[in-house]
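As structure tokens, the structure follows; a few thoughts come after it.
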Amino acid sequence: NELVGDIVKSVASGVNGTVFTYGQTSSGKTFTMRGDDSKSDSSIGIIQLAAKEIFDTIQKEKSSNPNCECSVRVSYTEIYNEELRDLLNDSKRKTSTSLTIREDKRG
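Numbered by the numbering used here, the letters in the sequence shown go through residues -15 to 91 in order.
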């Protein structure tokens, strides 16, 4: 909740939100975002926690306002070796898109 609680609250009120992780290879970015496959509460990732909070908020809103309509769109991407990958695509269809890295006058 400390890490992305404000973003989740904003998303629940209709504002776009982004969680961005970066760091060296093997520094724990994927574990932080996805957690691991065990069902332990201490190993749940930010994605699962945020999704649960968003859908709990939608459920509360729909219970107080049955005519409420909600739409949720999610993307989960990775930039690795200057290639953009859609991590929600199944592995058989996983595609990469080359990115052009641009710098401004300041580098």
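Glycine included, each C-beta is placed from N, C-alpha and C at the ideal position.
- Straight-line spacing of the CA atoms in Ile(-9) and Thr2 works out to 7 Å.
- Per DSSP, the continuous beta strand (DSSP E) segment holding Ile63 begins and ends at Thr61 to Tyr64.
- Taking a cut-off of 8 Å for Cβ pairs, the segment 19 to 39 and the segment -6 to 11 touch, as three or more such pairs fall below it.
- Going by C-alpha positions, Thr9 is about 31 Å away from Val56.
- Residues Ala(-4) of the same chain have their beta carbon placed closer than 7 Å to that of Thr41, with the five preceding and five following residues left out of the count.
- About 11 Å separates the CB atoms of Leu72 and Glu62; that is not less than 8 Å, and the two are not in contact.
- Per the coordinates, the alpha-carbon of Arg90 lies some 20 Å from the alpha-carbon of Glu66.
- Per DSSP, the continuous alpha helix (DSSP H) segment holding Leu33 begins and ends at Ile30 to Ser48.
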